[in-house]
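Undergrad:
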Amino acid sequence: MARKVKMTLLTETLHVPGGVERFVSTFLQHVSSHIAVELTVFHEGQSFYSLPSGIPVFVLNSQPLPPSEKLVVDIPLSLLGECESFVWLELLSSRLTHHLVQRQIDCVLTTNFLTSLVAYKASLRHKVKVIARLASHLSNTLMQNPAHREFRMFWAPRLRELNPIVCISQGIADDLTTKWGIPHNHLHVIYNPLDVRKIQDLSQEPVTHPWFAAQVPIFLFVGRLVKFKGVDILLNALKIANSEKPARLLVVGEGEEKGALQELAKALHVEDKVDFIGATPNPFSYMSKVTALVLPSLVEGLANVILEALTCGCPVISTDCLSGPAEILQGGQYGVLVPPADEEALAAAMLKLLQDHELRTKLAELGPQRAKDFDAPKIVKQYEQLIMEVV
Amino acid sequence: MRKIKLMIVTHGLPLGGVGRNITILLRYLDRSLFDVELVMIFNREVFYPIPLEIQTHILERNPLPHVDSIRVDIPIQLLGAREDFIWLELTALKLAELVHQRRPDVVFARELFASTLCLLSRKYWPKEICFVGSVDNHASTMLSHAPKGPLYMFLGREHLQKADKIVCPSEGVASDLMHNFKVTQQQITVIPYPLDLQQIEKLVSEPVDHPWMAECTPIITAAGRLAPQKGFDYLLRALSLVHKQGNLARLILLGEGDEHQRLEDLAAELGIQHCIWFAGKQKNPFKYFARSTVFVLSSLYEGFGYVIAEALACGCPVIATDCPSGPAEILGGGRYGLLVPVADARALAEAITKVLSDPALRQQLAEQGRQRAQDFEARKIVNQYVQVIRDTYGT
Numbered sequence: 439m440a441r442k443v444k445m446t447l448l449t450e451t452l453h454v455p456g457g458v459e460r461f462v463s464t465f466l467q468h469v470s471s472h473i474a475v476e477l478t479v480f481h482e483g484q485s486f487y488s489l490p491s492g493i494p495v496f497v498l499n500s501q502p503l504p505p506s507e508k509l510v511v512d513i514p515l516s517l518l519g520e521c522e523s524f525v526w527l528e529l530l531s532s533r534l535t536h537h538l539v540q541r542q543i544d545c546v547l548t549t550n551f552l553t554s555l556v557a558y559k560a561s562l563r564h565k566v567k568v569i570a571r572l573a574s575h576l577s578n579t580l581m582q583n584p585a586h587r588e589f590r591m592f593w594a595p596r597l598r599e600l601n602p603i604v605c606i607s608q609g610i611a612d613d614l615t616t617k618w619g620i621p622h623n624h625l626h627v628i629y630n631p632l633d634v635r636k637i638q639d640l641s642q643e644p645v646t647h648p649w650f651a652a653q654v655p656i657f658l659f660v661g662r663l664v665k666f667k668g669v670d671i672l673l674n675a676l677k678i679a680n681s682e683k684p685a686r687l688l689v690v691g692e693g694e695e696k697g698a699l700q701e702l703a704k705a706l707h708v709e710d711k712v713d714f715i716g717a718t719p720n721p722f723s724y725m726s727k728v729t730a731l732v733l734p735s736l737v738e739g740l741a742n743v744i745l746e747a748l749t750c751g752c753p754v755i756s757t758d759c760l761s762g763p764a765e766i767l768q769g770g771q772y773g774v775l776v777p778p779a780d781e782e783a784l785a786a787a788m789l790k791l792l793q794d795h796e797l798r799t800k801l802a803e804l805g806p807q808r809a810k811d812f813d814a815p816k817i818v819k820q821y822e823q824l825i826m827e828v829v
Numbered sequence: 002m003r004k005i006k007l008m009i010v011t012h013g014l015p016l017g018g019v020g021r022n023i024t025i026l027l028r029y030l031d032r033s034l035f036d037v038e039l040v041m042i043f044n045r046e047v048f049y050p051i052p053l054e055i056q057t058h059i060l061e062r063n064p065l066p067h068v069d070s071i072r073v074d075i076p077i078q079l080l081g082a083r084e085d086f087i088w089l090e091l092t093a094l095k096l097a098e099l100v101h102q103r104r105p106d107v108v109f110a111r112e113l114f115a116s117t118l119c120l121l122s123r124k125y126w127p128k129e130i131c132f133v134g135s136v137d138n139h140a141s142t143m144l145s146h147a148p149k150g151p152l153y154m155f156l157g158r159e160h161l162q163k164a165d166k167i168v169c170p171s172e173g174v175a176s177d178l179m180h181n182f183k184v185t186q187q188q189i190t191v192i193p194y195p196l197d198l199q200q201i202e203k204l205v206s207e208p209v210d211h212p213w214m215a216e217c218t219p220i221i222t223a224a225g226r227l228a229p230q231k232g233f234d235y236l237l238r239a240l241s242l243v244h245k246q247g248n249l250a251r252l253i254l255l256g257e258g259d260e261h262q263r264l265e266d267l268a269a270e271l272g273i274q275h276c277i278w279f280a281g282k283q284k285n286p287f288k289y290f291a292r293s294t295v296f297v298l299s300s301l302y303e304g305f306g307y308v309i310a311e312a313l314a315c316g317c318p319v320i321a322t323d324c325p326s327g328p329a330e331i332l333g334g335g336r337y338g339l340l341v342p343v344a345d346a347r348a349l350a351e352a353i354t355k356v357l358s359d360p361a362l363r364q365q366l367a368e369q370g371r372q373r374a375q376d377f378e379a380r381k382i383v384n385q386y387v388q389v390i391r392d393t394y395g396t
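First to last, the sequence lines map onto chains A and B.
Position in the first sequence (from 1) plus 438 gives the number in this note's numbering.
Position in the second sequence (from 1) plus 1 gives the number in this note's numbering.
Put into structure tokens, the structure is as follows:
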């Protein structure tokens with residue numbers, strides 16, 4: 439081939455501190471220069487994570503369409519009430535098509551379910567290869583939210599027409615084959631890339647939080663403050679644990695549930711044992727200094743935050759939700775797994791770690807070893823191979 | 002010759018010119034030539050009686066069609082109207098289902114909205130079904146004042162050219178269609194609105210029970226929806242000017258609408274509220290026309306100006322604004338009534354004063370008006386519709 443493969447990474451946002459945005463940042467920093475990579479984003483917004491310089495970034499929603507353009511929208515009659523999303527998908531995919539033609543893109547790498555749908559629709563209008571990356575457990579995500587009826591009934595089944603699909607965990611892939619009838623041979627499991635060296639460097643930075651001066655055990659939560667992260671369960675578990683041993687909780691992250699969670703902490707009388715410190719670009723500096731990271735999620739795709747904690751040598755307690763944690767922690771070998779939505783079990787695991795110094799040391803040693811399996815150069819190479827196969 | 006199965010499609014039969022026009026059409030269409038049925042798109046108030054033998058369908062009541070999905074074309078610049086496009090496509094499908102069931106030979110849509118809907122629906126119809134559309138107002142002016150104007154402007158430009166024939170009530174409307182909607186001269190037939198002179202004569206003789214009728218103060222009558230299009234605020238200002246010149250003429254305003262309160266307020270502000278009667282919706286406007294000193298049409302735009310023709314038929318002198326289409330054609334450029342510039346209260350006041358102060362002029366206008374009304378006699382006009390429908394079906 440005379441010219442380099444031109445690929446664009448397609449993502450919804452950059453300004454949110456989330457797993458997808460983290461993936462975009464790490465991927466772009468490690469992708470080989472043999473591939474000409476661009477970034478295409480739905481919505482405008484300053485990137486939360488650092489992006490390598492020199493990567494062209496295009497915002498789809500701010501690109502005008504030719505006024506002559508017509509959207510041809512097919513709306514299933516049974517989903518008429520949800521017609522907005524059909525119009526919206528058509529609009530985005532038509533913008534994407536124009537963009538792909540203009541930029542002469544050979545291949546689109548998507549980053550989640552929605553971007554995969556938009557790229558799929560664009561691929562029907564214009565010849566382009568699509569590598570769909572799915573970062574969440576589809577059944578769980580779609581069943582949870584009743585507003586997702588049209589996605590469940592109409593759009594999710596369209597995934598069958600996409601090949602290849604990259605799942606960021608085996609749990610996601612299993613769900614796609616068993617519940618959504620997607621053929622095995624379309625699916626590839628590639629875990630998320632982890633910038634091990636950078637995380638370890640950052641984890642050495644000091645923290646100023648006053649709790650670290652005192653000799654009190656601190657648990658850490660890092661994530662968006664949204665329902666499915668289960669922070670309310672964690673607060674309940676903290677109260678239970680505190681009845682036996684003093685422990686505190688640092689909550690790193692922002693989200694719509696923040697106010698409700700602060701109220702809950704007050705109601706449980708643990709408000710002086712919890713500190714909501716907001717989002718930070720360097721949660722790793724905390725990870726290296728706390729007793730354990732706790733992930734009380736009801737759903738996860740993979741759970742980047744567990745990988746990051748392992749890298750920092752931070753013991754991990756996580757719910758054994760349908761996909762992600764159990765795979766990373768190898769069924770409990772590299773961390774403690776508890777059933778989801780069970781505050782008693784979570785409190786018991788927290789107490790166990792507080793009391794068992796030996797276990798803490800063992801987990802802190804094993805973590806960084808396991809993290810190496812996710813080292814960014816290795817993972818990004820798997821993506822590159824797939825890209826070269828497809829194009 | 003076999004009867005032609007004719008399906009007339011309209012948004013409804015509310016009080017107004019088009020409603021009366023359709024009623025007369027239904028009454029006079031020769032049943033030996035046509036099997037007529039009526040489709041109303043909306044399930045709303047029906048102001049005019051529908052002859053019993055005419056089968057009527059109300060599209061809004063029909064269930065959604067049995068299809069898995071609909072395909073909607075939405076131009077980017079009208080993305081804000083996406084809900085309307087979806088609604089139109091669904092309604093077009095409902096109509097298509099009815100067309101398949103009823104199998105008319107000719108579908109005749111009344112007014113721009115129904116015509117647009119039919120043309121959107123036509124892609125689902127059997128190929129052999131003919132379509133005659135109609136546009137009753139100066140569409141580009143009307144749409145430039147309407148909230149959904151850009152949507153219907155777009156749809157009109159896109160689809161009207163696909164009609165086999167388009168009927169419009171005046172040359173002004175025809176020329177608007179050719180200039181602004183890509184419709185060709187061959188497609189257009191100009192047919193004025195019909196007057197049921199026999200019926201009008203009957204209705205004129207009905208008694209009016211209002212104290213003003215017994216007094217000799219001049220009465221000005223106007224009729225129409227109380228909407229900005231009808232320019233009643235200019236009429237009120239003109240009346241106030243007439244009063245200032247010493248003639249305390251009274252005004253009967255027939256019709257209802259959103260502007261009612263605003264007009265009452267304006268009347269109070271001008272100090273003429275005691276000389277205006279807001280008479281509301283009236284089944285028989287003709288008895289008022291016949292007893293008025295002068296009839297005024299103050300509209301900013303009209304397609305035809307049906308009430309002018311009706312006032313002429315009642316022997317009432319007419320003053321009308323010379324809006325882009327309609328009045329000047331009915332009034333023969335001023336021969337059968339006085340024309341004044343649009344949105345000009347002073348000119349309107351002058352014309353009113355002139356007519357009120359000149360009994361000979363009134364006499365002359367009344368006589369000529371009655372003669373002019375003969376040109377719109379229902380049988381004659383309905384025959385022209387028949388001709389268009391038969392021509393379309395024949396070719």
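Even glycine gets a Cβ: it sits at the ideal position worked out from N, Cα and C.
For residue 79(B), count neighbouring Cβ atoms within 10 angstroms of its own Cβ and tell me buried if that reaches 16, exposed if not.
TA: buried
Undergrad: Measure the C-alpha to C-alpha separation of residue 268(B) and residue 166(B) and round it to an integer number of angstroms.
TA: 45 Å
Undergrad: Quick check on residue 445(A) - is its C-beta less than 7 Å from some C-beta in chain B?
TA: no
Undergrad: Short of 8 Å in beta carbon distance, which residues of its chain neighbour residue 758(A), apart from the five on each side in sequence? Order them along the chain.
TA: 764, 775, 776, 777, 778
Undergrad: Terminal residues of the continuous beta strand (DSSP E) containing residue 620(A)?
TA: Per DSSP, residue 620(A) belongs to no beta strand (DSSP E) and is neither H nor E.
Undergrad: Would residue 556(A) pass as an interface residue toward chain B - the criterion being a Cβ-Cβ separation below 7 Å?
TA: no
Undergrad: Going along chain A in order, which residues have a C-beta closer than 9 Å to the C-beta of residue 397(B)?
TA: A query on residue 397(B) cannot be resolved here, the shown segment of chain B reaching from 2 to 396 and no further.
Undergrad: At the 7 Å Cβ level, is residue 497(A) part of the contact set with chain B, yes or no?
TA: no
Undergrad: Just reading off the beta strand (DSSP E) that residue 58(B) is part of, what are its end residues?
TA: 56-59
Undergrad: Flag residue 439(A) as yes if its beta-carbon sits less than 7 Å from any beta-carbon of chain B, otherwise no.
TA: Residue placement at residue 439(A) is poorly supported in this model, since its pLDDT is 49, which falls under 50; the coordinates are not used for a value here.
Undergrad: Are residue 453(A) and residue 486(A) close, meaning C-beta to C-beta below 7 Å?
TA: yes
Undergrad: Do you know offhand how far residue 596(A)'s Cα is from residue 551(A)'s?
TA: 11 Å
Undergrad: Are the segment 657-674 of chain A and the segment 731-749 of chain A in contact at 8 Å, needing three or more beta carbon pairs?
TA: yes
Undergrad: Taking 7 Å as the CB-CB cut-off, is residue 749(A) touching chain B?
TA: no
Undergrad: Could you tell me whether the Cβ of residue 74(B) comes closer than 7 Å to any Cβ of chain A?
TA: Yes, residue 74(B) counts as interfacial toward chain A.
Undergrad: Buried or exposed, going by whether 16 or more other CB atoms sit within 10 Å of the CB of residue 408(B)?
TA: Nothing can be reported for residue 408(B), as the shown portion of chain B is limited to 2 through 396.
Undergrad: Which bits of chain A does residue 65(B) rub up against, with CB to CB less than 7 Å?
TA: Listed along chain A are 515, each with a C-beta nearer than 7 Å to that of residue 65(B).
Undergrad: Measuring only between beta-carbons, confirm whether residue 525(A) sits less than 7 Å from chain B.
TA: yes
Undergrad: Are the segment 201-217 of chain B and the segment 278-296 of chain B touching by the rule of at least three beta carbon pairs closer than 8 Å?
TA: In short, these stretches touch, since the Cβ pair count reaches three.
Undergrad: For residue 809(A), count the other beta carbons within 10 Å of its own beta carbon; 16 or more makes it buried, fewer makes it exposed. Which is it?
TA: Buried, since its Cβ has 16 or more Cβ neighbours within 10 Å.
Undergrad: Going straight from the alpha carbon of residue 243(B) to that of residue 525(A), what length do you get?
TA: 57 Å
Undergrad: Which of the three DSSP states is assigned to residue 357(B) in this structure?
TA: Annotated three-state conformation of residue 357(B) is helix, per DSSP.
Undergrad: Output, in chain order, the set of chain A residues within a Cβ distance shorter than 9 Å of residue 273(B).
TA: Residues of chain A passing the Cβ test: none, with the nearest at roughly 49 Å.
Undergrad: Near residue 679(A), which residues of its chain fall below 8 Å by C-beta distance, leaving aside the five closest residues on each side in sequence?
TA: 685, 785, 788, 789, 792
Undergrad: In the DSSP output, which residue or residues are listed as bridge partners for residue 686(A)?
TA: 656(A)
Undergrad: Check this for me: beta carbons of residue 55(B) and residue 37(B), under 7 Å apart or not?
TA: yes
Undergrad: List the residues of chain A that residue 69(B) touches, going by C-beta distances under 9 Å, in chain order.
TA: What residue 69(B) touches in chain A: 514, 515, 516.
Undergrad: Using CA coordinates, which residue listed in 30(B), 170(B), 194(B), 151(B) is at the minimum distance from residue 6(B)?
TA: 30(B)
Undergrad: Comparing C-alpha positions only, which one of 236(B), 48(B), 143(B) sits nearest to residue 295(B)?
TA: 236(B)
Undergrad: Examine chain A for any beta-carbon lying closer than 7 Å to the beta-carbon of residue 371(B), and answer yes or no.
TA: no
Undergrad: Looking at C-alpha atoms only, which residue of 32(B), 248(B), 46(B), 208(B) is the closest neighbour of residue 220(B)?
TA: 248(B)
Undergrad: Please state whether the Cβ-Cβ distance between residue 672(A) and residue 546(A) is less than 7 Å.
TA: no
Undergrad: Which residue marks the beginning of the alpha helix (DSSP H) containing residue 774(A), and which one marks its end?
TA: Premise fails: residue 774(A) lies in the beta strand (DSSP E), 774-776, not in any alpha helix (DSSP H).
Undergrad: Buried or exposed: which applies to residue 651(A), given that a residue is buried once 16 or more other Cβ atoms fall within 10 Å of its Cβ?
TA: exposed
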